[in-house]
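**Student:**
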């Protein structure tokens with residue numbers, strides 16, 4: 001009888017692990033031009049993710065701590081007005097899908113097949129995250145899929161200056177304790193593509209102070225130093241002996257204010273790390289541990305780089321969810337990607353996409369406690 005009981009318990013545990021995430025959909029208001037926005041709720045055990053069709057944004061991500069207490073661990077807003085309304089719509093790209101080109105392009109220009117293309121600048125000298133109206137400000141078409149939601153957006157030829165009609169499909173899937181983001185895209189003309197997600201994480205809970213005590217590990221022996229405009233110089237510099245060495249877990253605040261030229265240029269960490277995997281296999285890119293809550297975030301990807309950003313431009317003027325103020329360095333980002341300004345650096349891994357090819361990449365945010 002005891003053996004039979006044990007078998008039944010194990011069977012129930014296996015069934016629970018394999019249960020698909022519960023998925024539901026509700027209205028989330030309208031954009032200023034009247035376009036309806038929906039919010040999809042993905043629930044797996046005690047983990048719950050909320051995805052909105054505006055910007056493909058991870059609006060909320062609720063995860064238990066070491067004592068089972070559940071907190072929302074990503075920055076954002078309670079309503080669509082915070083993202084799409086007002087004088088400063090979504091200034092920090094909270095939780096958004098970024099495209100067509102994540103990160104910076106120098107001068108807002110690149111040359112492809114002998115032709116120069118210009119992208120709107122939203123920094124004084126650079127285009128950033130796809131131009132003035134990137135994928136983060138588009139309303140995506142959503143539909144329920146197993147474990148999650150599939151979002152589709154068709155960017156027309158010439159959108160924000162980029163060539164080619166680009167059809168992008170992104171799936172958010174909550175599988176056990178993994179939030180999986182599956183990106184794919186096709187084009188009808190030669191173009192460049194670099195998609196990512198811009199979630200801001202605070203493992204102690206959104207709005208609960210800064211992330212300087214979070215311990216970070218990044219699987220990278222090199223990074224890409226930047227010039228005064230935060231554009232890569234082209235060098236792949238070793239992290240050895242610098243504040244950029246996160247090969248062993250290190251508190252974010254341990255060296256962030258060191259007297260180092262690159263930290264001064266970025267006002268902290270705002271750089272691309274060259275992952276040891278080289279983008280040749282799906283593997284761990286980074287890990288974050290918050291000693292206060294015991295929460296652990298692992299970031300796994302098949303991309304060659306990850307942008308580590310420490311919320312340096314948050315300054316306490318933004319009020320987010322639950323009326324909480326987002327102070328300086330209130331969160332960190334780990335944006336899996338190809339390198340910034342790759343179209344202007346032939347030696348960097350290519351971001352070119354041609355007709356007949358399929359852009360495809362996967363990133364997983366995996367949660368546990370310690």
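Residue numbers (our numbering): 1 to 370.
We put the beta carbon where it would ideally sit given N, CA and C, even for glycine.
#1: Nearest CA to the CA of residue 92: which residue from 357, 100, 65 and 55?
#2: Where residue 141 and residue 29 are concerned, what is the direct C-alpha to C-alpha distance, given to the nearest angstrom?
#3: Thinking residue 286 and residue 216 are a contact (beta carbons under 8 Å), I'd like their distance in whole angstroms, please.
#4: Going by the DSSP bridge assignment, what does residue 171 pair with across the sheet?
#5: Does any residue of chain C bring its CB to less than 9 Å from the CB of residue 232?
#6: Rounded to whole angstroms, what is the Cα-Cα separation between residue 190 and residue 353?
#7: Is residue 155 buried or exposed, if buried means 16 or more other CB atoms sit within 10 Å of its CB?
#8: Following the continuous alpha helix (DSSP H) through residue 261, name the residue where it begins and the one where it ends.
#9: Would you tell me roughly how many angstroms separate the C-alpha atoms of residue 308 and residue 301, rounded to the nearest one?
#10: Check each candidate in 104, 47 and 75 and name the one with the smallest Cα separation from residue 229.
#11: Mind checking residue 32: buried by the 16 CB within 10 Å criterion, or exposed?
#12: Using the Cα positions of residue 145 and residue 39, report the straight-line distance between them to the nearest angstrom.
#13: According to DSSP, which residues form a beta bridge with residue 286?
#14: Taking DSSP's pairing of strands, which residues face residue 26 in a bridge?
#15: Locate the beta strand (DSSP E) running through residue 359, then write down its first and last residues.
#16: Starting from the Cα of residue 47, find the closest Cα among 60, 132, 363 and 25 and give me that residue.
#17: What is the DSSP secondary structure of residue 424, reduced to helix, strand or coil?
#18: Quick one, which of 363, 370, 318 and 368 has its alpha-carbon nearest residue 183's?
#19: Would the beta-carbon of residue 161 fall within 9 Å of that of residue 120?
#20: How would you call residue 317, buried or exposed, if buried means at least 16 neighbouring beta carbons within 10 angstroms?
#21: Near residue 246, what residues of its chain come up, given a Cβ to Cβ distance below 7 Å and the 5 sequence neighbours on each side ignored?
#22: With the cut-off set at 9 Å, would you say residue 168 and residue 195 are in Cβ contact?
#23: Could you tell me whether the Cβ atoms of residue 288 and residue 336 are closer together than 9 Å?
#24: Using 8 Å as the cut-off, can you tell me whether the region 332 to 349 makes contact with the region 226 to 244, which would need three or more C-beta pairs spanning the two stretches below that distance?
#25: Could you tell me whether the Cβ atoms of residue 74 and residue 367 are closer together than 9 Å?
#26: How many angstroms separate the CA atom of residue 137 from the CA atom of residue 207?
#27: Roughly how many angstroms lie between the CA atoms of residue 34 and residue 79, to the nearest whole one?
#28: Smallest Cα separation from residue 109: which of 359, 343 and 349?
**Tutor:** Put simply:
#1: The count along the chain shown starts at 1 and reaches residue 92 at position 92. The residue with the shortest Cα to Cα distance from residue 92 is 55.
#2: The sequence position of residue 141 within the chain shown is 141, counting from 1. The sequence position of residue 29 within the chain shown is 29, counting from 1. Spanning the two alpha carbons is a distance of roughly 15 Å.
#3: For the purposes of this step, residue 286 is taken as the residue at position 286 of the chain shown. For the purposes of this step, residue 216 is taken as the residue at position 216 of the chain shown. Confirmed, Cβ separation roughly 7 Å.
#4: Looking up residue 171 in the chain shown gives position 171. 150 and 182.
#5: Looking at the structure shown, chain C is missing, and only one protein chain is on hand.
#6: Within the chain shown, residue 190 is the residue found at index 190, counting from 1. Within the chain shown, residue 353 is the residue found at index 353, counting from 1. Taking the straight line from one Cα to the other gives about 6 Å.
#7: Counting from 1 along the chain shown, the entry for residue 155 is found at position 155. Buried.
#8: As a working note, residue 261 is residue 261 in the chain shown. Counting along the chain, the alpha helix (DSSP H) containing residue 261 begins and ends at 261 to 266.
#9: By one-based count along the chain shown, residue 308 stands at place 308. By one-based count along the chain shown, residue 301 stands at place 301. Straight-line Cα distance between these residues: approximately 14 Å.
#10: On the chain shown, residue 229 is found 229 positions in, with the first residue counted as 1. Residue 229 has its Cα closest to that of 104, out of 104, 47 and 75.
#11: On the chain shown, residue 32 is found 32 positions in, with the first residue counted as 1. Residue 32 comes out exposed.
#12: The sequence position of residue 145 within the chain shown is 145, counting from 1. The sequence position of residue 39 within the chain shown is 39, counting from 1. When rounded, the distance between both Cα atoms is 14 Å.
#13: The residue you call residue 286 lines up with position 286 of the chain shown. Looking at the DSSP assignment, residue 286 forms a beta bridge with 218 and 299.
#14: By 1-based counting over the chain shown, the position of residue 26 is 26. Per DSSP, 39.
#15: Position 359 of the chain shown, counting from 1, holds the residue named residue 359. Counting along the chain, the beta strand (DSSP E) containing residue 359 begins and ends at 359 to 369.
#16: Sequence index remark: in the chain shown, residue 47 carries index 47 (1-based). Checking every option, the nearest Cα to that of residue 47 belongs to 60.
#17: No answer is possible for residue 424: the residues shown for the chain start at 1 and end at 370.
#18: The count along the chain shown starts at 1 and reaches residue 183 at position 183. Comparing Cα-Cα distances from residue 183 to each of 363, 370, 318 and 368, the minimum goes to 363.
#19: Translated into positions along the chain shown, residue 161 becomes position 161. Translated into positions along the chain shown, residue 120 becomes position 120. Cβ distance < 9 Å, so residue 161 and residue 120 count as in contact.
#20: What you label residue 317 is simply residue 317 of the chain shown in a count that begins at 1. That one is exposed.
#21: Position 246 of the chain shown, counted from the start, is the residue given in the question as residue 246. So the list reads 216, 217 and 218, once near-sequence residues are dropped.
#22: On the chain shown, position 168 is the one that residue 168 refers to. On the chain shown, position 195 is the one that residue 195 refers to. In this structure, residue 195 lies closer than 9 Å to residue 168 by Cβ.
#23: Here residue 288 refers to the residue found at position 288 when the chain shown is read from its first residue. Here residue 336 refers to the residue found at position 336 when the chain shown is read from its first residue. Against a cut-off of 9 Å, the Cβ pair of residue 336 and residue 288 comes out as no contact.
#24: yes
#25: Translated into positions along the chain shown, residue 74 becomes position 74. Translated into positions along the chain shown, residue 367 becomes position 367. No, these two residues do not count as a Cβ contact at 9 Å.
#26: By one-based count along the chain shown, residue 137 stands at place 137. By one-based count along the chain shown, residue 207 stands at place 207. Spanning the two alpha carbons is a distance of roughly 24 Å.
#27: Taking the chain shown and counting its residues from 1, one reaches residue 34 at position 34. Taking the chain shown and counting its residues from 1, one reaches residue 79 at position 79. Straight-line Cα distance between these residues: approximately 15 Å.
#28: Counting from one through the chain shown, the residue named residue 109 turns up at place 109. Checking every option, the nearest Cα to that of residue 109 belongs to 343.
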